[in-house]
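Student:
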Amino acid sequence: MAERYDVIIVGAGPAGLSAAIYAARARLKTLVLDESVPGGQMKTTHKVSNYPGFPEDVKGADLAKAFSMQAERFGAKVRRAIEITAHDLTGPLKTFELDEEEHVEAPAVIVATGAKPRELGVPGESKYRGRGISYCATCDGAYFDGKEIHVIGGGNSAVEESLFLTQFAKKVTIVHQFDHFQAEPVSAAEALAHPKIEVIWNSEPRAFLGENQLEKLRIEDVKTKEVRELATDGVFVFVGYVPRTDLVKGLVKMNEWGYVETGEDMSTNVPGVYVAGDIRSKRFRQITTAVADGTIAALAVQKFVKDQQRVAA
Amino acid sequence: MSEYVKEITQADFEAEVAKSSLPVILDFFSTECPPCEALAPKFDAVAEQFAGKARFLKIFRQGNKDLASRLGVTGSPTLLFFKGGAEQGERMSGEEIKRTAIKAQIESLLGA
Numbered sequence: 054m055a056e057r058y059d060v061i062i063v064g065a066g067p068a069g070l071s072a073a074i075y076a077a078r079a080r081l082k083t084l085v086l087d088e089s090v091p092g093g094q095m096k097t098t099h100k101v102s103n104y105p106g107f108p109e110d111v112k113g114a115d116l117a118k119a120f121s122m123q124a125e126r127f128g129a130k131v132r133r134a135i136e137i138t139a140h141d142l143t144g145p146l147k148t149f150e151l152d153e154e155e156h157v158e159a160p161a162v163i164v165a166t167g168a169k170p171r172e173l174g175v176p177g178e179s180k181y182r183g184r185g186i187s188y189c190a191t192c193d194g195a196y197f198d199g200k201e202i203h204v205i206g207g208g209n210s211a212v213e214e215s216l217f218l219t220q221f222a223k224k225v226t227i228v229h230q231f232d233h234f235q236a237e238p239v240s241a242a243e244a245l246a247h248p249k250i251e252v253i254w255n256s257e258p259r260a261f262l263g264e265n266q267l268e269k270l271r272i273e274d275v276k277t278k279e280v281r282e283l284a285t286d287g288v289f290v291f292v293g294y295v296p297r298t299d300l301v302k303g304l305v306k307m308n309e310w311g312y313v314e315t316g317e318d319m320s321t322n323v324p325g326v327y328v329a330g331d332i333r334s335k336r337f338r339q340i341t342t343a344v345a346d347g348t349i350a351a352l353a354v355q356k357f358v359k360d361q362q363r364v365a366a
Numbered sequence: 070m071s072e073y074v075k076e077i078t079q080a081d082f083e084a085e086v087a088k089s090s091l092p093v094i095l096d097f098f099s100t101e102c103p104p105c106e107a108l109a110p111k112f113d114a115v116a117e118q119f120a121g122k123a124r125f126l127k128i129f130r131q132g133n134k135d136l137a138s139r140l141g142v143t144g145s146p147t148l149l150f151f152k153g154g155a156e157q158g159e160r161m162s163g164e165e166i167k168r169t170a171i172k173a174q175i176e177s178l179l180g181a
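Protein sequence lines correspond, in order, to chains A and B. To get the numbering used here, take the position in the first sequence, counting from 1, and add 53. To get the numbering used here, take the position in the second sequence, counting from 1, and add 69.
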């Protein structure tokens, strides 16, 4: 027998948890599912400086915990480390099988599965993942105590995580495809002035090389076409994100980059299926914009669920 | 931590992993590592399911740097699979480790 909810939210990042706060406060029976622990990308961000309400920097992991506790305080059930092993979002009741054993259902679902770090798609990348290549500085930074490492990318994540990595590494070399950072000027200036950070501009990675473990990074200067190999103890990759759309692929309308198209109320073309946060087609992806999406989705779902109940009555 | 999972140190590696008669799944974890927190309940659940057929061990990376570096482990969490003392199959690493994927790899380890 499936347990019935008013709304099931998939993904416990800032969008999903904000939706949960609003849904639970509206007295909707609310379930949040996450395959990890709550927080989404926020939980592995070492510090957040631009989330309003915090005059000092706050650790992403602490902010994640606060979001989750707030949602739970109003009665939302937040389930961690759950794998969705089957699902059907097409009908009037959306159904999920969890960990091959449990079943839950609801008339409305908010998909807030966000985005995951983009892989470079360069030879050797999957071979050396966890053997020198990493996508999470807070998780793996300490492995590189006193080592010389490289960071690929030049956006906010690349630059801010490089600064974080200087706590451990002897030297951090950023390899960036353009001749300037895309990161916010404050962090970019801090990185450029940092004694442990060096930057190789106009260059892209071409291969990861080594025996059992990553030893060298091959890069190409995109202007001069010069190719060279750099000895490295480890490489951190921060080159943007790709949407996590497994749950709704083939079901909802997406744009050419795979992000989900929504109305202003976060509804998709499938009745009862809403999306919020980084998975959505939009111009800017920040914690604050994810929070706004989640809020709107939950308010729209409240109305949708009430209308459904009225029709059924 | 579940009763089906045992924490070891690098000093135990020879006895607990290399000489184990059962297949061993070894989890390198760190503190301040949300993906490690996320893996823990999945690892516990799979350990319970395969109790008696395979051994589930975890090792704290920060306290066992030499073994991590000898095995070339540079990320947490990382799962390594051993049979007859030799490492077998693909390592699993990072946040995207699924419970069903761990199960599938153990089943193939037991079947082979």
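Backbone N, C-alpha and C define an ideal beta-carbon position, used for all residues, glycine too.
Just reading off the alpha helix (DSSP H) that B:P103 is part of, what are its end residues?
Tutor: 103 to 118
Student: Whose C-beta lies closer than 6 Å to the C-beta of B:I92 among residues of the same chain, with five residues either side of it excluded?
Tutor: The identity of residue 92 of chain B in the sequence shown is Pro, whereas the question assumes Ile. Once the five neighbours on either side are set aside, the close Cβ partners of B:P92 are A123, K152, L178.
Student: Determine whether the Cβ of B:G141 lies closer than 7 Å to any Cβ atom of chain A.
Tutor: yes
Student: List the residues of chain A that B:T147 touches, going by C-beta distances under 7 Å, in chain order.
Tutor: G183
Student: Give me the chain A residues within the contact set of B:S162, using Cβ-Cβ distance strictly less than 8 Å, ordered along the chain.
Tutor: Within 8 Å Cβ-Cβ: R182, G183.
Student: Taking A:G271 as part of the beta strand (DSSP E), name the residues at either end of that continuous run.
Tutor: The displayed chain sequence assigns Arg, not Gly, to residue 271 of chain A. Segment 267 to 274, the beta strand (DSSP E) holding A:R271.
Student: Verify whether the separation of the beta carbon atoms of B:E83 and B:I77 is less than 7 Å.
Tutor: no
Student: Quick one: does A:K96 have its CB under 7 Å from some CB of chain B?
Tutor: Interface residue, yes.
Student: Residue ranges of each alpha helix (DSSP H) run of no fewer than 4 residues wholly in the region 63 to 130 of chain A, ordered along the chain?
Tutor: 67 to 78, 113 to 126
Student: Spell out whether any CB of chain A is found under 7 Å from the CB atom of B:G158.
Tutor: no
Student: Relative to the C-alpha of A:G174, which residue among A:N209, A:P258, A:G194, A:A195 is closest?
Tutor: A:P258
Student: If you drop the 5 nearest sequence neighbours on each side, which residues of the same chain put their C-beta closer than 7 Å to that of A:H247?
Tutor: L216, T219
Student: Applying the 10 Å Cβ sphere with the 16-neighbour rule, what's the burial state of A:K147?
Tutor: buried
Student: If I'm right that A:F291 touches A:G206 with Cβ under 8 Å, what's the distance once you round it to whole angstroms?
Tutor: Sure, about 4 Å apart at Cβ, within 8 Å.
Student: Give the interface partners of B:S99 over in chain A, defined as CB-CB distance under 9 Å, in chain order.
Tutor: C192, D193, A195, Y196
Student: Please state whether DSSP places B:I94 in a helix, a strand or coil.
Tutor: Looking at B:I94 - three-state DSSP - the assignment turns out to be strand.
Student: Have a look at A:D110, A:A190, A:A161 and flag the residue whose alpha-carbon is nearest the alpha-carbon of A:T83.
Tutor: A:A161
Student: Taking DSSP's pairing of strands, which residues face A:I253 in a bridge?
Tutor: According to DSSP, A:I253 bridges with A:V228.
Student: Within this structure, are the beta carbons of A:K302 and A:N322 separated by less than 7 Å?
Tutor: no
Student: Taking A:E214 as part of the beta strand (DSSP E), name the residues at either end of that continuous run.
Tutor: Taken as a continuous stretch (DSSP letters only), A:E214 belongs to no beta strand (DSSP E), being part of the alpha helix (DSSP H) at 209 to 218.
Student: Between A:V157 and A:Q266, what straight-line distance do the alpha-carbon atoms span, to the nearest angstrom?
Tutor: 43 Å
Student: Does A:R133 come out as helix, strand or coil in the three-state DSSP assignment?
Tutor: coil
Student: Closer than 8 Å, Cβ to Cβ, to anything on chain A: give me those residues from the region 86 to 120 of chain B, in chain order.
Tutor: S99, E101, C102, P103, P104, C105, E106, A107, L108, A109, P110, K111, A114
Student: Can you give me the Cβ contacts of A:V90 inside the same chain, cut-off strictly under 6 Å, excluding the 5 residues immediately before and after it?
Tutor: Here A:V90 has R133 as same chain residues with Cβ atoms under 6 Å from its own Cβ, once five neighbours each way along the sequence are excluded.
Student: Give the residues from the region 127 to 142 of chain A that approach chain B closer than 8 Å (Cβ to any Cβ), ordered along the chain.
Tutor: R133, A134, E136, T138
Student: Hey, is B:K172's beta-carbon within less than 7 Å of any beta-carbon in chain A?
Tutor: Taking Cβ atoms only, chain A never reaches closer than 7 Å to B:K172, which makes this a no.
Student: Could you tell me which chain A residues have their CB closer than 9 Å to the CB of B:T169, listed as they occur along the chain?
Tutor: E136, T138, D152, E153
Student: Just to confirm before moving on: does the CB-CB distance between A:S121 and A:L70 stay below 7 Å?
Tutor: yes
Student: What do you reckon, is the C-beta of A:V228 under 6 Å from a heavy atom of the ligand MN?
Tutor: The model on display carries no ligand, and the ligand MN is accordingly not part of it.
Student: If you follow the alpha helix (DSSP H) that A:V344 is in, where does it begin and where does it stop?
Tutor: 340 to 365
Student: Between A:Y164 and A:R363, what straight-line distance do the alpha-carbon atoms span, to the nearest angstrom?
Tutor: Inspection of the sequence shows that residue 164 of chain A is occupied by Val rather than by Tyr. Answer to the nearest angstrom: the Cα atoms are 24 Å apart.
Student: I'd like to know if B:G154 contacts chain A, where contact means its C-beta is closer than 7 Å to some C-beta of that chain.
Tutor: no
Student: Would you list the residues sitting across from B:L136 in a DSSP beta bridge?
Tutor: Note: B:L136 sits in no beta bridge, so no partner.
Student: Cβ of A:N265 less than 7 Å from any chain B Cβ?
Tutor: So yes, A:N265 belongs to the interface.
Student: Output needed for A:E264: all residues of its chain with C-beta closer than 8 Å, excluding positions within five of it in sequence on either side, in chain order.
Tutor: Excluding residues up to 5 positions away in sequence, nothing lies with its Cβ nearer than 8 Å to the Cβ of A:E264 in the same chain.
Student: Can you find a C-beta in chain B that's less than 7 Å from the C-beta of A:G177?
Tutor: no
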